[in-house]
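Just so we're on the same page, this note's numbering is the position in the sequence shown counted from 1, plus 54. Note that beta-carbon positions come from the ideal geometry of N, C-alpha and C, so glycine has one too. Predicted model only: the values in this text are computed from it and were never measured. Let me begin by presenting the structure, written as structure tokens, before commenting on it.
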Amino acid sequence: MTAVERFDRAMHDSPTELTPPALLPARLARACAVALGVDGAALSLHVGALQTPIGSSDATTAHAERLQFTLGDGPCLRAHDDGATIAFDPDDLERNWPALWAAISTDTPYRAVLSVPLPPPLGPLVVLDLYVREPSALTRLDPGPVREVARCTTEELALTVTGPDFPDDGSGWLDGPDARRRAQVWQAMGLVGVEYDLDGPDAIAVMQAAALASGRVVDDVAEDIVGGRLAPGDLWEDRVAGDEAG
Numbered sequence: 055m056t057a058v059e060r061f062d063r064a065m066h067d068s069p070t071e072l073t074p075p076a077l078l079p080a081r082l083a084r085a086c087a088v089a090l091g092v093d094g095a096a097l098s099l100h101v102g103a104l105q106t107p108i109g110s111s112d113a114t115t116a117h118a119e120r121l122q123f124t125l126g127d128g129p130c131l132r133a134h135d136d137g138a139t140i141a142f143d144p145d146d147l148e149r150n151w152p153a154l155w156a157a158i159s160t161d162t163p164y165r166a167v168l169s170v171p172l173p174p175p176l177g178p179l180v181v182l183d184l185y186v187r188e189p190s191a192l193t194r195l196d197p198g199p200v201r202e203v204a205r206c207t208t209e210e211l212a213l214t215v216t217g218p219d220f221p222d223d224g225s226g227w228l229d230g231p232d233a234r235r236r237a238q239v240w241q242a243m244g245l246v247g248v249e250y251d252l253d254g255p256d257a258i259a260v261m262q263a264a265a266l267a268s269g270r271v272v273d274d275v276a277e278d279i280v281g282g283r284l285a286p287g288d289l290w291e292d293r294v295a296g297d298e299a300g
């Protein structure tokens with residue numbers, strides 16, 4: 055059975071709870087993982103400074119994306135910026151992003167990642183991350199099947215694009231649970247920006263610093279801000295406390 059055939063079978067056999075249109079990216083991520091024999095897969099959308107997870111194969115992989123976003127850099131951002139598929143083994147991860155490597159190797163079982171910008175018309179705005187527990191599994195991935203599965207993923211997503219204002223065109227990608235959770239970051243970004251008189255990227259940087267200082271991910275910090283459990287003005291105190299503890 056080819057990778058494309060495994061992809062099609064996995065899409066056909068998707069759990070019923072993943073059938074709503076908003077969960078199409080999650081179904082696709084799961085199918086990518088099955089088709090290519092990797093341990094986890096995730097799709098993320100990159101528009102300007104905004105990185106939004108639109109679907110993942112499982113909760114652990116979703117957390118790995120949140121760690122990348124909290125550290126402010128990582129494989130998916132590098133692949134988006136370069137517009138090229140890039141493989142990262144443990145040495146690459148530790149050399150490029152020691153803090154991210156420490157977090158991923160502690161909080162997840164993953165030890166290597168292949169980041170793949172989808173082909174046009176969606177790439178490099180949408181990036182597919184493929185995670186493996188054993189670094190050797192990365193070297194066994196055949197580039198041909200990876201390209202074919204990325205193409206299938208692009209075709210499935212492109213079918214949902216209904217208007218010219220991508221991605222806010224009714225595709226529903228931003229209605230999934232991971233994307234809705236990340237949307238709270240953009241809400242909190244506005245509140246933090248007003249509090250400290252910062253633009254969007256700098257406001258996110260303040261939240262990232264506060265998250266790192268408290269051993270959390272940015273999505274958790276944003277959820278507390280939007281929910282009224284954390285005042286934006288308290289973020290600086292959290293960051294200072296974290297710096298002093300370090």
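In the DSSP assignment, proline 79 falls outside any beta strand (DSSP E) and lies within the alpha helix (DSSP H) extending over 78-90. The closest CA to that of serine 159, considering only Gln122, Arg235, Ser98, Ala103, is found on Gln122. Alanine 212 carries a helical assignment under DSSP once its states are collapsed to helix, strand and coil. Inter-residue distance for arginine 194 and valine 200 is about 11 Å (C-alpha atoms, whole angstroms). Within the region 100-183, the complete alpha helix (DSSP H) runs of at least 4 residues fall at 113-125, 129-136, 144-150, 152-161. Linking alanine 96 to glycine 282 through their CA atoms gives a straight-line distance of about 30 Å.
Nearest to aspartate 136 by C-alpha distance, out of Pro197, Ile258, Ala285, Pro171, is Pro171.
It is roughly 12 Å from the alpha-carbon of arginine 63 to the alpha-carbon of leucine 90. In the three-state reduction of the DSSP assignment, glycine 287 falls in the helix class. Judged by beta-carbon spacing, alanine 264 lies within the 8 Å limit of leucine 289, meaning their Cβ atoms are closer than that value. Nearest in C-alpha terms to threonine 115, of all of Thr162, Pro255, Met65, is Thr162. Going by C-alpha positions, tyrosine 185 is about 34 Å away from glycine 247.
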